[in-house]
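K.L.:
Under this note's numbering, the residues of the sequence shown are numbered 1 to 787, in order.
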Amino acid sequence: MMNFNFQKSIEEAAHVIGKTWPLYSFVTSNPLAGYEKIAFGKAVKQAKNQLNAEVFPQAAVFNQALDQGDIDKNILEKLLVDHDFFDSIEEYKHKMASYQQEDYSCDNQELNSIMSKWLAVFMDEGLAEWEMPCKEEGFYKAWRKLAIYDSDIPKTTLSEIPKTSHEALSFVLQDFDAVHHTSIFISHLAALPGWTGYINYRVASNSDWQLQYPITLIDYMAVRLWIARKIGAHIYPETTFAAKDSSISKLQLVWLKAWEKTWQTKLLTVLEQQMLTLTVKEQQIADAQLVFCIDTRSESIRRHVESKGNYETFGYAGFFGIAMDYENLKDGFTRKSCPPIVSSAYHVCEVAQSQQSEKLNAFNQRKEVLKFKDYFLKRMKNMLPSAFGFVEGSGLLYGLSLTARTLLPGSIYRLNQKYSANYESLCQPEIKSYDQSEMIASSIPLDQKVAIVKSAFDLMGWKQFAPLVLFVGHGSHSANNAFGSSLDCGACAASPGRHNARMLAALANETDVKQILREEHGIEIPNSTIFIGCEHNTTTDEIVLFDSGIPQQYHLQVQNLKLDLTRAQQSATQERLGTGNKSVALAQKKANDWSETRPEWGLAKNAAFIIGSRQLTKETNLEGRCFLHSYDWEMDTTGKALEGIMQGPMVVTQWINNHYYFSTVDNSVFGGGSKITHNVTGKFGVVEGNGGDLKMGLPLQSLMQSDIEMYHQPLRLSVVIHAPVSRVSEILLRNEHLQDLLNNEWIYLMVIDPLEGNEVYQYSEKGNWIKTKKLSISSSTVAEVVL
Numbered sequence: 001m002m003n004f005n006f007q008k009s010i011e012e013a014a015h016v017i018g019k020t021w022p023l024y025s026f027v028t029s030n031p032l033a034g035y036e037k038i039a040f041g042k043a044v045k046q047a048k049n050q051l052n053a054e055v056f057p058q059a060a061v062f063n064q065a066l067d068q069g070d071i072d073k074n075i076l077e078k079l080l081v082d083h084d085f086f087d088s089i090e091e092y093k094h095k096m097a098s099y100q101q102e103d104y105s106c107d108n109q110e111l112n113s114i115m116s117k118w119l120a121v122f123m124d125e126g127l128a129e130w131e132m133p134c135k136e137e138g139f140y141k142a143w144r145k146l147a148i149y150d151s152d153i154p155k156t157t158l159s160e161i162p163k164t165s166h167e168a169l170s171f172v173l174q175d176f177d178a179v180h181h182t183s184i185f186i187s188h189l190a191a192l193p194g195w196t197g198y199i200n201y202r203v204a205s206n207s208d209w210q211l212q213y214p215i216t217l218i219d220y221m222a223v224r225l226w227i228a229r230k231i232g233a234h235i236y237p238e239t240t241f242a243a244k245d246s247s248i249s250k251l252q253l254v255w256l257k258a259w260e261k262t263w264q265t266k267l268l269t270v271l272e273q274q275m276l277t278l279t280v281k282e283q284q285i286a287d288a289q290l291v292f293c294i295d296t297r298s299e300s301i302r303r304h305v306e307s308k309g310n311y312e313t314f315g316y317a318g319f320f321g322i323a324m325d326y327e328n329l330k331d332g333f334t335r336k337s338c339p340p341i342v343s344s345a346y347h348v349c350e351v352a353q354s355q356q357s358e359k360l361n362a363f364n365q366r367k368e369v370l371k372f373k374d375y376f377l378k379r380m381k382n383m384l385p386s387a388f389g390f391v392e393g394s395g396l397l398y399g400l401s402l403t404a405r406t407l408l409p410g411s412i413y414r415l416n417q418k419y420s421a422n423y424e425s426l427c428q429p430e431i432k433s434y435d436q437s438e439m440i441a442s443s444i445p446l447d448q449k450v451a452i453v454k455s456a457f458d459l460m461g462w463k464q465f466a467p468l469v470l471f472v473g474h475g476s477h478s479a480n481n482a483f484g485s486s487l488d489c490g491a492c493a494a495s496p497g498r499h500n501a502r503m504l505a506a507l508a509n510e511t512d513v514k515q516i517l518r519e520e521h522g523i524e525i526p527n528s529t530i531f532i533g534c535e536h537n538t539t540t541d542e543i544v545l546f547d548s549g550i551p552q553q554y555h556l557q558v559q560n561l562k563l564d565l566t567r568a569q570q571s572a573t574q575e576r577l578g579t580g581n582k583s584v585a586l587a588q589k590k591a592n593d594w595s596e597t598r599p600e601w602g603l604a605k606n607a608a609f610i611i612g613s614r615q616l617t618k619e620t621n622l623e624g625r626c627f628l629h630s631y632d633w634e635m636d637t638t639g640k641a642l643e644g645i646m647q648g649p650m651v652v653t654q655w656i657n658n659h660y661y662f663s664t665v666d667n668s669v670f671g672g673g674s675k676i677t678h679n680v681t682g683k684f685g686v687v688e689g690n691g692g693d694l695k696m697g698l699p700l701q702s703l704m705q706s707d708i709e710m711y712h713q714p715l716r717l718s719v720v721i722h723a724p725v726s727r728v729s730e731i732l733l734r735n736e737h738l739q740d741l742l743n744n745e746w747i748y749l750m751v752i753d754p755l756e757g758n759e760v761y762q763y764s765e766k767g768n769w770i771k772t773k774k775l776s777i778s779s780s781t782v783a784e785v786v787l
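#1: Do Trp195 and Arg202 have their CB atoms nearer than 8 Å?
#2: Quick check on the DSSP output: what are the complete alpha helix (DSSP H) runs of length 4 or more inside the stretch 247 to 312, in order along the chain?
#3: With H, G and I counted as helix, E and B as strand and the rest as coil, what does DSSP make of Gly126?
#4: Do you know offhand how far Thr653's Cα is from Val665's?
#5: Who pairs with Arg335 in a beta bridge, going by DSSP?
#6: Compare the C-alpha of Val254 against each of Leu146, Val686, Asp512, Leu76 and name the closest.
#7: Could you tell me the alpha carbon to alpha carbon distance between Ala97 and Asp70, rounded to whole angstroms?
#8: Rounded C-beta distance between Lys774 and Asn758? I'm assuming under 8 Å.
#9: Give me the DSSP bridge partner(s) of Glu688.
#10: Could you check whether Ser718 and Tyr748 sit closer than 8 Å to each other, using their CB atoms as the reference points?
#11: Alpha carbon to alpha carbon, what distance is there between Phe26 and Thr182?
#12: What residues match up with Asp753 in a beta bridge as DSSP calls it?
#13: Whose C-alpha, out of Trp130, Asp245, Asn768, Ile721, is nearest the C-alpha of Leu267?
#14: For Tyr220, which of Tyr311, Ile452, Ala14, Gly522 has the nearest alpha-carbon?
#15: Verify whether the separation of the beta carbon atoms of Ser485 and Gly602 is less than 8 Å.
#16: Hey, is the stretch 502 to 520 in contact with the stretch 571 to 579, meaning 3+ C-beta pairs nearer than 8 Å?
#17: Helix, strand or coil for Thr653 per DSSP?
#18: Between the C-alpha atoms of Gly138 and Gly533, what's the straight-line distance to the nearest angstrom?
#19: Is Ser548 buried or exposed, if buried means 16 or more other CB atoms sit within 10 Å of its CB?
#20: Output yes or no for whether 8 Å exceeds the beta carbon distance between Leu459 and Ala641.
#21: Can you round the beta-carbon distance between Ala501 and Phe471 to whole angstroms, since I take them to be within the 8 Å contact cut?
#22: CB-CB under 7 Å to Gly309, same chain, minus the five flanking residues each way: which ones, in chain order?
#23: Thinking Asp295 and Gly318 are a contact (beta carbons under 8 Å), I'd like their distance in whole angstroms, please.
#24: I believe Gln289 touches Tyr413 by the beta-carbon criterion, under 8 Å. Please report the beta-carbon distance rounded to the nearest angstrom.
#25: Give the straight-line distance between the Cα atoms of Leu23 and Ile645, rounded to the nearest whole angstrom.
#26: If you count every other CB in all the chains shown that lies within 10 Å of the CB of Lys257, and 16 or more means buried, which is it?
#27: Could you compute how far the alpha carbon of Gln713 sits from the alpha carbon of His629?
#28: If the criterion is Cβ atoms closer than 8 Å, does the pair Lys675 and Thr597 meet it?
#29: Measuring only the C-alpha atoms, how far is Asp658 from Pro526?
#30: Among Trp226, Val291, Phe176, Ala147, whose alpha-carbon lies nearest the alpha-carbon of Tyr236?
#31: Our contact map puts Ser443 next to Lys432 with C-beta atoms below 8 Å; I'd like the distance itself, whole angstroms only.
#32: Out of Gln284, Asn422, Tyr316, which has the shortest C-alpha to C-alpha gap to Glu299?
#33: CA-CA distance, Ala604 and Ser583?
#34: Name, in chain order, the residues that DSSP records as bridge partners for Val513.
#35: Whole angstroms is fine: what's the gap from Glu709's alpha carbon to Leu703's?
#36: Measuring only the C-alpha atoms, how far is Ser528 from Pro467?
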């Protein structure tokens, strides 16, 4: 038997799948991340064939965009001619509408069904009452011991099944040349990209579940191919991955580019109109400064907060520059709370505030009681001797609860908010560092605390400090929503941003940190300035201040600020929900209604990332379509701050953008399907109906207004940076991955160059720039819009 290097072939084949993130940490990411080193058009062609997927918007979506004016006919006509399409727009509309995609899938549904069953039982994370035996031995060995009892597999004996995954692959593939192995692996990995993507995630994250119950792609492939041989399923793909090039695909790409060019033109026009209305305003210190996440949902609330008083807002990645894992006091779980592309350097937990130890002990006791109650009720429902009696006895109580939750979700939400225990009022976050052996140290050095705080101010281009500075993380609230974490902060690995915000505020308030910032870095934080951690609830637009520990002298200022934030919530929900004075009540109802399929829109419609000062966008309604990161090119003399933004937040927003794009163009393959037919499996994912592939993307209701009307517009990300072109070019020369994203058209880049009279340059390819237009931007750094 020949000794093949299956590991290398499977790693090469694995580029066709991304990572499927678990429901409790549902990070949006580019499902075609493995293709980013090749051009977008070529990449989606390969993905289309390998995954049997749609990769461009459907004709009806293009038509809707054209009818609504989102695609400029003049731009479309020019691009069509430039790409040798000389017929009329109407003719091409008809061609796209009549096009039927070829089906490249293999007839391996029986095999897929068997594999889905085995993966679900092995990878279960505590949902099942009865665990699969022998899981600790790993997927292949556990399956081998139990496969002889599987009625879906023709009768076999234990001795018939090879003892190791490598032996199984050697046995199945002995009749195939090594040059065909990668193609075989691609075909079988792509058959269930959701499940194989979750194996990818488990291996990369090295989670506790993976450490206890290991599974690898080699194990998966060995089991799948052995079963395939046993049941007579296809081993080698019936179709090749070199399907003929379709003129329809080229046409669809042209229409997509026309749509994107139209959006870019409108965006630059809006920015130009904003700048033309600017006037110099006497510099004054704001009553409060609020730092929001760059999330598109922050764009609206920032406008509404600024309109309610003398307030200044900033945009910063929502993990607030702290690469941390957070240990939650409520459930004891420790989860990542920083971007997935960043390794966690710190561990943050909760300790009692001064004179709050007794109250915290009481909170922990109540928590244990509730934990036991939940465990007891679960056992009563699931244990055979008590199940029927429990249902009969508790039916009335559960019936009343269900009725109240169905008829009065908003009222129950307000009661829960009023009376729920809030450990943040009793605790303060404490930061510790991981050493190389992943043991937790007692504390972190002062210089690291200073670096965290200084980095935040450097990246945002901070000049002066108000008496109140709020770091506002964000989280969402919804009921009966398997994809709830997808609405939380992507920069915090789909965790709420409140923990990072509170931690940064605590560090910035330390006297020693302020002293070193002043003496060694020239950052003068007045003694009268206090930092407060907060959270913006993106479902209700409420902003909660964790201010229980602030000194008495700030209480009046904080109270006045809270009143204005309540007014901002009112106007923001009115704008977002399109309703009158009862908009807050409606938002609260949506947050707690267990029949609500769309508690909020999340980051739907995201299309651009703007890096620059607030004067570029202030009081301009960008309709929640733009990520906004504060940046001052004049203060960033070395370009280090901009490079950090481009390497981190820009890459993450590209992940988000492509996740929404592909979930929209083919929801059955890249998305989450309809919430109506979702079934949670293993606590980590959902399937539609009673089996099949694990859903890897966003549900249909998060993307579509209705079955036939789009809401999210599937466009690639357009990045706008206010900085010298020369500085951006130098950064790109040092970063190959950023060059790949631009040269291969995964994102677009436009630079407003302040040293060239605010000329707009668009990145073309291989470092070339095309001058597009000139914006009339005021040179004043303190400006306001004149209405």
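Every residue, glycine too, gets a C-beta built ideally from N, C-alpha and C.
All of these numbers come straight from a predicted model, not from anything done at the bench.
P.N.:
In brief:
#1: no
#2: 247 to 276, 296 to 306
#3: coil
#4: Taking the straight line from one Cα to the other gives about 18 Å.
#5: Arg335 pairs with Tyr326.
#6: For Val254, the closest C-alpha among the options Leu146, Val686, Asp512, Leu76 is that of Leu76.
#7: 19 Å
#8: 6 Å
#9: Partner residues in the beta bridge of Glu688, as assigned by DSSP, are His678.
#10: yes
#11: For Thr182 and Phe26, the distance between alpha carbons rounds to 30 Å.
#12: Glu759
#13: Ile721
#14: Ala14
#15: No, they are not a contact pair.
#16: no
#17: helix
#18: Cα to Cα, the separation comes out at about 43 Å.
#19: exposed
#20: yes
#21: Indeed they touch by this definition, with Cβ atoms about 4 Å apart.
#22: Asp287, Asp564
#23: 6 Å
#24: Contact flag wrong, Cβ pair sits at about 30 Å.
#25: 28 Å
#26: Lys257 should be labelled buried.
#27: 22 Å
#28: yes
#29: The amino acid occupying residue 658 in the given sequence is Asn; Asp does not appear at that position. Rounded to whole angstroms, Asn658 to Pro526 spans 43 Å at the Cα level.
#30: Phe176
#31: 6 Å
#32: The shortest CA-to-CA distance from Glu299 to any of Gln284, Asn422, Tyr316 is the one to Tyr316.
#33: 20 Å
#34: None; Val513 has no bridge partner.
#35: The straight-line gap from Cα to Cα measures roughly 10 Å.
#36: 6 Å
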